[in-house]
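**Student:** The sequence shown lines up with residues 495 to 679 when you count with the working numbering.
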Amino acid sequence: MTDIQTEFAPLLASLPSTVCSIHESVWISPCDLPFSAEVRSMCEVNRCGKYGTSWSCPPGCGEWETLRDEFCACKSAFVFTTCHILEDSFDIEGMQTAAEDHQKLDNAIAEALSRTDLRYIHLGMGTCILCKTCTYPDAPCRHPDKMRRPPEACGIDVCAMSKAIGIRYMNGPDTVTYFSILLFK
Ligand code: SF4
Numbered sequence: 495m496t497d498i499q500t501e502f503a504p505l506l507a508s509l510p511s512t513v514c515s516i517h518e519s520v521w522i523s524p525c526d527l528p529f530s531a532e533v534r535s536m537c538e539v540n541r542c543g544k545y546g547t548s549w550s551c552p553p554g555c556g557e558w559e560t561l562r563d564e565f566c567a568c569k570s571a572f573v574f575t576t577c578h579i580l581e582d583s584f585d586i587e588g589m590q591t592a593a594e595d596h597q598k599l600d601n602a603i604a605e606a607l608s609r610t611d612l613r614y615i616h617l618g619m620g621t622c623i624l625c626k627t628c629t630y631p632d633a634p635c636r637h638p639d640k641m642r643r644p645p646e647a648c649g650i651d652v653c654a655m656s657k658a659i660g661i662r663y664m665n666g667p668d669t670v671t672y673f674s675i676l677l678f679k
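Structure, rendered in structure tokens:
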């Protein structure tokens, strides 16, 4: 175990029981994260409606090549998923609730990390929701050290990553799986 892993493990164990559990997780080298210009360009299609609305999404989150180099300079990456049961594959409400549950876990981990000296970049589920209204593009980000960018917005190919590191991208019919990544500096 590295020093970061040793410090982080008890934090995970101390998370409140009200948040959902981590389904799978693995420590990897940040330089092993697979980046792709194609993944990043999919944001421009704007299927999620968040393109150009936040410092956490393109184009405000920065060029993917710059982010790749910034992330690769980190010491270690903790990739984790949550898995949620849906009523069926059309259960949009269930997917939304699952996304919120994953974000609550992201919040709880960030809160636990705030009690340490560990420095990290948090790539989370969906666009950053730390502020009620994002300052983009009129003023700088209010919390540049805490803001959460979606991995895909940074150009990370999450599907390819999951295969490479042995974490399931999908966990069977009528389930949804969400990913987050903590990059420790
Ligand atoms: S921390 Fe606030 S200002 Fe910064 S990206 Fe998130 S929502 Fe926007």
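Glycine included, C-beta positions come from ideal geometry on N, C-alpha and C.
So is the beta-carbon of His517 under 8 Å away from any non-hydrogen atom of ligand 1?
**Tutor:** For the purposes of this step, residue 517 is taken as the residue at position 23 of the sequence shown. For ligand 1, not one heavy atom lies less than 8 Å from the Cβ of His517.
**Student:** In three-state DSSP terms, what is Val513?
**Tutor:** Locating residue 513 in the sequence shown gives position 19, counting from the first residue. DSSP places Val513 in coil when its eight states are reduced to three.
**Student:** Can you look up Cys653 in the DSSP assignment and give me helix, strand or coil?
**Tutor:** The sequence position of residue 653 within the sequence shown is 159, counting from 1. Helix.
**Student:** Let me know the alpha helix (DSSP H) ranges lying completely inside the region 583 to 616, each 4 residues or longer, listed in chain order.
**Tutor:** Listed in chain order, they are 586 to 607.
**Student:** To the nearest angstrom, how far is the alpha carbon of Leu677 from that of Pro638?
**Tutor:** Within the sequence shown, residue 677 is the residue found at index 183, counting from 1. Within the sequence shown, residue 638 is the residue found at index 144, counting from 1. Distance between the alpha carbons of Leu677 and Pro638 is about 14 Å.
**Student:** Could you check the C-alpha separation between Cys648 and Phe529 for me, to the nearest Å?
**Tutor:** Residue numbering aside, residue 648 sits at position 154 when the sequence shown is read from its first letter. Residue numbering aside, residue 529 sits at position 35 when the sequence shown is read from its first letter. If I take the Cα positions, the gap works out to 8 Å.
**Student:** Using DSSP bridges, identify the partner residues of Ala571.
**Tutor:** By 1-based counting over the sequence shown, the position of residue 571 is 77. Per DSSP, Ile522, Leu677.
**Student:** Starting from Cys566, follow the alpha helix (DSSP H) in both directions and report where the run begins and ends.
**Tutor:** Translated into positions along the sequence shown, residue 566 becomes position 72. 558 to 566 is the span of the alpha helix (DSSP H), which, as asked, contains Cys566.
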